[in-house]
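Asker:
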Amino acid sequence: MKKIILFLILVTSVCIAFAQTESLQLDENSKNVYYAVVEKAGLNADSLYMRGLSFVSKYYDDDLAKNQTQNAITVKGRYVVYTSSLASKKQGGDVTYKLSIETKDGRYRYKFTDFVFTPYKIDRYGNMVAVPGIFIPAEKLSSKVAAKDAESYLTQIAAACKETADRLKQEMDKVPALKKAEVLKKVDTEKW
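The sequence shown lines up with residues -19 to -1, 1 to 173 when you count with mature numbering (1 follows the signal peptide of the UniProt record, and there is no 0).
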């Protein structure tokens, strides 16, 4: 009997350990952030910056010219979050965010901040559209939306941030292809 109880406790603790998900952190201003510093030994800030620009140009349509500074990139993005009921899943709204990528010699950091939720409603044609004029910061989400939905939205935001961060890490790990130097054919006009 003791072995069975011990086995059940062990299985339950393992299940709980595997069920943990990504979550947003709070910064010094009590705002939700998803943040990490990644070490890249042997790479200088400029090459990391160029790889970050490559990532941003590949995945974001944002105007980069006004958002670039020395070794820092800032873009705005958007995620769609879903609300689930018993039988179906529908779009609950979208979340806009700001992604900052900063580089230094041997490391870079990325930070997702300024999460703002815009709820969706069904229009007269049956389409899900944003409710005009309602913008809810992620920090106040639990007071404006049902607790179950707020927790689900924050979990989805964290999962989407993790997915985007993984794509960023893959792009930063890529070795840029070297362009082959073209061999110029010289024309010998002496021999014809």
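All C-beta atoms, glycine included, are put in the ideal place defined by N, C-alpha and C.
Which runs of the alpha helix (DSSP H) spanning at least 4 residues fall entirely within the segment 54 to 141, listed in chain order?
Answerer: Segments of the alpha helix (DSSP H) lying fully in the segment 54 to 141: 122 to 125.
Asker: Around the C-beta of Thr145, are 16 or more other C-beta atoms found within 10 angstroms, so that it is buried, or is it exposed?
Answerer: Buried is the call here.
Asker: So which of Arg88, Tyr101 and Asp27 has the shortest CA-CA distance to residue 223?
Answerer: The question about residue 223 has no answer, for the chain in this structure spans -19 to 173.
Asker: Figure out for me which residue from Asn10, Cys142 and Leu149 has the closest Cα to the Cα of Arg59.
Answerer: Ranking the options by Cα distance to Arg59, first place goes to Cys142.
Asker: Among Lys85, Leu80, Ser35 and Ser4, whose alpha-carbon lies nearest the alpha-carbon of Val156?
Answerer: Among Lys85, Leu80, Ser35 and Ser4, the Cα nearest to that of Val156 belongs to Ser35.
Asker: For Ala53, which residues in the same chain have their Cβ closer than 6 Å to its Cβ, ignoring the five residues on either side in sequence?
Answerer: Excluding positions up to five away in sequence, the list reads Glu83.
Asker: Look at the Cβ atom of Tyr63, then the Cβ atom of Gln137, and state whether they are nearer than 8 Å.
Answerer: A contact, by the Cβ cut-off of 8 Å.
Asker: Pick out whichever of Leu29, Lys121, Thr55 and Ser69 has its Cα sitting closest to the Cα of Phe93.
Answerer: The option with the nearest alpha carbon to Phe93 is Thr55.
Asker: Among Gln72, Tyr134, Ala68 and Lys85, which residue has its Cα nearest to the Cα of Gly23?
Answerer: Among Gln72, Tyr134, Ala68 and Lys85, the Cα nearest to that of Gly23 is on Lys85.
Asker: In or out: Asp147 buried (at least 16 other Cβ within 10 Å) or exposed?
Answerer: Exposed, by the Cβ-count rule.
Asker: Do Asp104 and Tyr78 count as a contact pair if the criterion is CB distance below 8 Å?
Answerer: Not closer than 8 Å, so no.
Asker: Among Ala119, Ser38, Asp154 and Asp8, which residue has its Cα nearest to the Cα of Gly74?
Answerer: Among Ala119, Ser38, Asp154 and Asp8, the Cα nearest to that of Gly74 is on Ala119.
Asker: What residue range does the alpha helix (DSSP H) around Ala26 cover?
Answerer: Note, Ala26: alpha helix (DSSP H), Ala26 to Tyr40.
Asker: Between the Cα of Val18 and those of Val97, Tyr41, Ser38 and Ser81, spot the shortest distance and give me the residue it belongs to.
Answerer: Measuring from the Cα of Val18, the nearest candidate turns out to be Ser81.
Asker: Is the CB-CB distance between Tyr89 and Lys12 below 8 Å?
Answerer: Their beta carbons are not under 8 Å apart, which means Tyr89 does not touch Lys12 by this criterion.
Asker: In terms of residue numbering, what span does the beta strand (DSSP E) encompassing Asn13 cover?
Answerer: Where Asn13 is concerned, the enclosing beta strand (DSSP E) stretches over Asn13 to Glu20.
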